[in-house]
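Take a look at the structure set out below.
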Amino acid sequence: MASPEAGKPPTRRQAAAQETRQKLLHAALENFSRRPYGEVTVGDIARTAGVAHGLLSHHFKGKESLYAEAVREVDRQLRAATKFASEGPVIDRLRQHLTAHLRYLAEHEDAALNLILRRAQATDLASAAFESTREEGVRTICALLGLDADDPVLLLSVRGFGAACDEMALHWLRNSRPVEIGALAEAWIALLAGSIRAAYGIAPHPALRKALHTLGYGSVPSTADLMTEGTPDDCRSVI
2 MASPEAGKPP
12 TRRQAAAQET
22 RQKLLHAALE
32 NFSRRPYGEV
42 TVGDIARTAG
52 VAHGLLSHHF
62 KGKESLYAEA
72 VREVDRQLRA
82 ATKFASEGPV
92 IDRLRQHLTA
102 HLRYLAEHED
112 AALNLILRRA
122 QATDLASAAF
132 ESTREEGVRT
142 ICALLGLDAD
152 DPVLLLSVRG
162 FGAACDEMAL
172 HWLRNSRPVE
182 IGALAEAWIA
192 LLAGSIRAAY
202 GIAPHPALRK
212 ALHTLGYGSV
222 PSTADLMTEG
232 TPDDCRSVI
């Protein structure tokens with residue numbers, strides 16, 4: 002679809018096309034939030050949007066592309082609702098962010114279960130969208146803690162943290178939220194500290210130690226301790 006030139010209002014045709022696109026996206030969000038990908042048809046989305054079936058392919062190149070766009074849209078909404086505060090201690094800002102994230106999932110449970118957390122039926126295109134949104138979230142947290150998200154060792158650990166948080170949230174929602182939001186947010190902070198500690202164990206770096214102090218987990222072993230930790234006593238003399 003052609004975009005209106007900068008500074009010029011859209012033509013009636015462009016405005017109508019944009020309105021149709023938004024109707025389809027909203028209809029997709031409604032349908033994909035309620036049911037898994039495989040249970041939603043193009044006809045379902047078109048009927049909800051009140052448009053002809055062919056317009057879905059015209060605007061989104063098919064159901065798979067529309068699903069991926071729905072994943073990105075709900076992620077944009079989630080990020081808007083969970084922006085980090087611009088001031089205050091880092092640990093407080095992180096805690097507020099994680100609490101807001103969990104509150105959003107609880108208040109939009111259907112979308113959380115079928116669009117934000119569920120990946121079992123995701124197509125290749127949607128899986129790429131899922132991974133992109135998760136990586137962006139991890140990078141945002143790393144930036145807050147002053148860590149380099151491109152470091153391969155750190156990335157190995159914190160991506161595991163992101164996946165674990167998704168799985169915990171999924172279980173939490175499916176099982177009547179057995180713990181309070183605040184308690185789960187604290188558990189996530191502990192999990193994050195564990196992932197950073199794991200990275201520190203592989204490649205000790207001052208920035209990782211500083212991040213652990215920021216999170217309230219400042220007691221980390223020395224490099225020598227890390228080298229001998231878990232080594233049988235009769236072997237330590239040769240290290």
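Following the numbering used here, the numbering of the sequence shown begins with 2 at its first residue and continues without gaps.
Glycine included, every Cβ here is placed at the ideal spot set by N, Cα and C.
Indicate the three-state DSSP secondary structure (helix, strand or coil) for residue i in the structure shown.
i           : result
residue 242 : The structure shown has nothing for residue 242, since the chain only spans 2 to 240.
residue 75  : helix
residue 148 : coil
residue 207 : helix
residue 87  : coil
residue 24  : helix
residue 176 : coil
residue 102 : helix
residue 136 : helix
residue 181 : coil
residue 30  : helix
residue 141 : helix
residue 119 : coil
residue 53  : coil
residue 218 : coil
residue 14  : helix
residue 41  : coil
Contact defined as beta carbons within less than 8 Å: I believe residue i pairs with residue j. What is the distance between those atoms, to the nearest angstrom?
i           : j           : result
residue 182 : residue 104 : 6 Å
residue 157 : residue 65  : Between residue 65 and residue 157 the Cβ distance is about 30 Å, and since that is not below 8 Å, they are no contact.
residue 116 : residue 34  : 6 Å
residue 208 : residue 148 : 6 Å
residue 171 : residue 194 : No, residue 171 and residue 194 are not in contact; Cβ-Cβ is about 22 Å, not under 8 Å.
Using a Cβ-Cβ cut-off of 7 Å (strictly less than) and excluding sequence neighbours within five positions of residue i, which residues of its own chain qualify?
i          : result
residue 90 : none
residue 70 : 26, 61
Quick one: what's got a C-beta closer than 6 Å to residue i's C-beta in the same chain, skipping five residues either side?
i           : result
residue 154 : 200, 203, 204
residue 166 : 189
residue 177 : none
residue 67  : 29, 61
Suppose the cutoff is 8 Å on Cβ atoms and the five residues either side in sequence are ignored; what does the same chain contact list for residue i look like?
i           : result
residue 174 : 106, 107, 110, 113, 114, 118
residue 74  : 26, 30
Using 7 Å as the cut-off, classify the Cβ of residue i as near or not near the heavy atoms of the ligand FMN, replying yes or no.
i           : result
residue 163 : No copy of the ligand FMN occurs in the structure displayed, which carries no ligand at all.
Exercise. Do the segment 139-146 and the segment 91-105 touch if we need at least three Cβ pairs shorter than 8 Å?
Worked result: Counting Cβ pairs under 8 Å, three or more are found: they touch.
For this session: Report yes or no: do the segment 126-135 and the segment 46-54 share at least 3 C-beta pairs separated by less than 8 Å?
Result: no
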